[in-house]
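Trainee:
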Amino acid sequence: MIDTGNQLKVPRPDPNFFILREDLENLQRFNQMSEKHPVNILTTGNQGCGKSSLVRQFAYIHQRPMATFQVGLLLEAGQLFGQQRLKDGETYYQEFLFPKAIRTPGCVIHLEEINRSESPQALNELFSVLSEDRSIWIDEYGMIQVAPGVIFFATMNEGESFSGTDEMDEALKDRFYRIHLEYLPHEVEREVLIRKTRIDGSKADQILKMVNRIRNNDQIRISVSIRHSLMIAELVAMGASLREAMIYSLQISKDALESLLLSVQVETGETEVNRAEYVLYLRNS
Ligand SMILES: Nc1ncnc2c1ncn2[C@@H]1O[C@H](COP(=O)(O)OP(=O)(O)O)[C@@H](O)[C@H]1O
Ligand SMILES: [Mg+2]
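For the sequence shown, position 192 (counting from the first letter as 1) is numbered 221 according to the numbering used here, and the numbering increases by one without interruption.
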């Protein structure tokens, strides 16, 4: 099974989700536009920068049911639509969530990691439903027509390219409007950390100072997403030091981190040292 959403439900809101006003306004336009003709939107940006959250929030705001499909996991054609199954010696065709979702008026179909798909055939099927006529022939049950108002949102991690054939890439991309998400500006990300983890402003500033230092450092080739800064803030909110929080949240070489921390320690006055003390790990320790 490929679907991860399982049911066709309107997603729950994130009351602390920030978006660029311009993006908001254009999302309203896409929403209106979808009443007249099919709309596909490609959301790009670094991993953990809010792409999936944006799709969910859009669906919530417009009270549309939503279903998410991991396109990156598709291995062959047909995997989205259904499967021949065997029961009591009889074969029958079991329909998956995808055909149901695309026949649900107004549904938001989230195609996650469309760039990671290993299967050109599976992409071909998607290509049919994303094209102008919005229909696809499936031998097992005939013509499937995309319902009115359905919006396709594909998300793609920036920097990675489509893995299918080149013509396919261009042809696919051609069919999408595009929203590109950047990291949030310091002040906004600060607000997100405070609202979501309840840390105080000065702690949030310290975290973001470190985080932005890594983001702006070309030598350290790791990306620190909003997801990461939230993970760090959550640990700090639970009493961890900045150093601990970063070590346990980031995939960063210890050397690189230590030198970063050193430069920040001076400024924050954090005077902790790394004592390698071993203790027993028991129930009451
Ligand atoms: N603009 C934002 N406002 C508030 N929280 C955000 C924002 N962008 C990302 N986040 C938070 O960061 C985390 C990762 O976001 P997600 O949507 O899963 O990223 P992506 O799909 O790009 O990998 C989530 O917990 C999300 O709530
Ligand atoms: Mg995502």
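All C-beta atoms in this analysis are idealised placements derived from N, C-alpha and C, irrespective of residue type, glycine included. Quick caveat: nothing in here was measured; it's all calculated off a predicted structure.
Counting only the same chain and skipping the five closest in sequence on each side, list residues whose C-beta sits under 8 Å from that of alanine 176.
Mentor: By one-based count along the sequence shown, residue 176 stands at place 147. Within the same chain, alanine 176 has close Cβ partners Ile131, Arg132, Thr133, Pro134, Gly135, Cys136.
Trainee: Taking a contact to mean a Cβ-Cβ separation below 9 Å, would you say valine 100 touches leucine 152 in this structure?
Mentor: Within the sequence shown, residue 100 is the residue found at index 71, counting from 1. Within the sequence shown, residue 152 is the residue found at index 123, counting from 1. Their beta carbons are under 9 Å apart, which means valine 100 touches leucine 152 by this criterion.
Trainee: Quick check on leucine 103: buried or exposed, where buried means 16 or more other Cβ atoms within 10 Å of its Cβ?
Mentor: For the purposes of this step, residue 103 is taken as residue 74 along the sequence shown, with counting starting at 1. Under this definition leucine 103 is a buried residue.
Trainee: Taking only the alpha-carbon atoms, compute the straight-line gap between asparagine 144 and valine 308 and give it to the nearest angstrom.
Mentor: Sequence index remark: in the sequence shown, residue 144 carries index 115 (1-based). Sequence index remark: in the sequence shown, residue 308 carries index 279 (1-based). One C-alpha to the other measures close to 46 Å.
Trainee: Tell whether a beta-carbon distance below 9 Å holds between arginine 41 and arginine 85.
Mentor: Reading the sequence shown from its first residue, position 12 is the one you call residue 41. Reading the sequence shown from its first residue, position 56 is the one you call residue 85. Their beta carbons are under 9 Å apart, which means arginine 41 touches arginine 85 by this criterion.
Trainee: Mind checking whether the beta-carbon of leucine 73 lies closer than 8 Å to any heavy atom of ligand 2?
Mentor: As a first step, residue 73 must be located in the sequence shown, where it is residue number 44. A small fix is needed here, since residue 73 is threonine in this sequence, not leucine. Incorrect: threonine 73 has no Cβ contact closer than 8 Å to ligand 2.
Trainee: Any idea what DSSP makes of isoleucine 48, helix, strand or coil?
Mentor: Taking the first residue of the sequence shown as position 1, residue 48 is located at position 19. Coil, per DSSP.
Trainee: Suppose you measure from the CA of aspartate 168 to the CA of glutamate 154; what does that come to, to the nearest Å?
Mentor: Within the sequence shown, the letter at position 139 stands for residue 168. Within the sequence shown, the letter at position 125 stands for residue 154. Straight-line Cα distance between these residues: approximately 12 Å.
Trainee: Answer yes or no: do leucine 271 and glutamine 235 have a C-beta to C-beta separation smaller than 9 Å?
Mentor: Position 242 of the sequence shown, counted from the start, is the residue given in the question as residue 271. Position 206 of the sequence shown, counted from the start, is the residue given in the question as residue 235. In this structure, glutamine 235 lies closer than 9 Å to leucine 271 by Cβ.
Trainee: Could you please go through the chain and list the residues whose beta-carbon is closer than 7 Å to any non-hydrogen atom of ligand 2?
Mentor: Lys80, Ser81, Glu141, Thr184
Trainee: Is any non-hydrogen atom of ligand 1 found closer than 8 Å to the C-beta of valine 137, if you look at the structure I gave you?
Mentor: In the sequence shown, residue 137 corresponds to position 108, counting from 1. Not under cutoff, so the answer is no.
Trainee: Within its chain, find whatever has a CB closer than 7 Å to the CB of arginine 244; leave out the 5 residues flanking it on each side and keep chain order.
Mentor: In the sequence shown, the residue the question calls residue 244 occupies position 215. Excluding residues within five positions, the ones whose Cβ falls inside 7 Å are Tyr212, Val253.
Trainee: What does the alpha-carbon distance come out to for the pair glutamine 36 and asparagine 246?
Mentor: If you number the sequence shown from 1, residue 36 lands on position 7. If you number the sequence shown from 1, residue 246 lands on position 217. Here the alpha carbons of asparagine 246 and glutamine 36 stand approximately 42 Å from one another.
Trainee: Using CA coordinates, which residue listed in Ser63, Gln61, Glu216, Ile261 is at the minimum distance from glutamine 280?
Mentor: The residue given as residue 280 occupies position 251 in the sequence shown. The closest CA to that of glutamine 280, considering only Ser63, Gln61, Glu216, Ile261, is found on Ile261.
Trainee: Let me make sure I understand the geometry here. Which of Ile173, Phe110, Leu126 has the alpha-carbon closest to that of lysine 38?
Mentor: Looking up residue 38 in the sequence shown gives position 9. Residue Leu126 holds the alpha-carbon nearest to the alpha-carbon of lysine 38 among Ile173, Phe110, Leu126.
Trainee: Please report the straight-line C-alpha distance between lysine 80 and glutamate 119, rounded to a whole angstrom.
Mentor: Mapped onto the sequence shown, residue 80 falls at position 51. Mapped onto the sequence shown, residue 119 falls at position 90. The straight-line gap from Cα to Cα measures roughly 43 Å.
Trainee: Please determine, among Leu259, Ala285, Val221, the residue with the shortest C-alpha to C-alpha distance to phenylalanine 47.
Mentor: Within the sequence shown, numbered from 1, the residue matching residue 47 stands at position 18. Of the listed residues, the one whose Cα sits closest to phenylalanine 47 is Val221.
Trainee: Ligand 1 heavy atoms versus the CB of phenylalanine 98: any closer than 8 Å?
Mentor: As a position in the sequence shown, residue 98 is number 69, starting the count at 1. No.
Trainee: Would you grab the beta carbon distance between arginine 227 and threonine 73 for me? Rounded to a whole angstrom, and I think it's under 8 Å.
Mentor: Mapped onto the sequence shown, residue 227 falls at position 198. Mapped onto the sequence shown, residue 73 falls at position 44. Wrong, their Cβ atoms sit about 31 Å apart, outside the cutoff.
Trainee: With DSSP as the reference, label asparagine 60 as helix, strand or coil.
Mentor: As a working mapping, residue 60 is identified with position 31 in the sequence shown. Here asparagine 60 sits in helix by DSSP.
Trainee: By how many angstroms is the C-alpha of alanine 233 removed from the C-alpha of alanine 269?
Mentor: Position 240 of the sequence shown, counted from the start, is the residue given in the question as residue 269. Position 204 of the sequence shown, counted from the start, is the residue given in the question as residue 233. Distance between the alpha carbons of alanine 269 and alanine 233 is about 13 Å.
Trainee: Since isoleucine 173 contacts proline 128 with CB under 8 Å, what's their CB separation in whole angstroms?
Mentor: Here residue 173 corresponds to residue number 144 of the sequence shown, with the count starting at 1. Here residue 128 corresponds to residue number 99 of the sequence shown, with the count starting at 1. 5 Å between Cβ atoms; contact.
Trainee: Counting contacts by CB-CB distance shorter than 9 Å, is glycine 74 in contact with chain B?
Mentor: In summary, chain B is missing from the structure at hand, where a single protein chain is found.
Trainee: Which class does leucine 104 belong to by DSSP, given the choice of helix, strand or coil?
Mentor: Taking the sequence shown and counting its residues from 1, the one referred to as residue 104 is at position 75. Here leucine 104 sits in coil by DSSP.
Trainee: What is the DSSP secondary structure of glutamine 280, counted as helix, strand or coil?
Mentor: Position 251 of the sequence shown, counting from 1, holds the residue named residue 280. Of the three classes helix, strand and coil, the one that applies to glutamine 280 here is coil, per DSSP.
Trainee: Can you determine whether any heavy atom of ligand 1 sits closer than 8 Å to the C-beta of arginine 256, and answer yes or no?
Mentor: Along the sequence shown, one-based indexing puts residue 256 at 227. At least one heavy atom of ligand 1 is nearer than 8 Å to the Cβ of arginine 256, so yes.
Trainee: Pull up the distance between the alpha-carbon of asparagine 241 and that of lysine 225, whole angstroms please.
Mentor: If you number the sequence shown from 1, residue 241 lands on position 212. If you number the sequence shown from 1, residue 225 lands on position 196. Their Cα atoms are separated by approximately 19 Å.
Trainee: Taking 7 Å as the limit between beta carbons, can you name the residues of its chain near tryptophan 166, skipping five residues before and five after?
Mentor: Stepping through the sequence shown from its first residue, residue 166 is reached at position 137. Once the five neighbours on either side are set aside, the close Cβ partners of tryptophan 166 are Met172.
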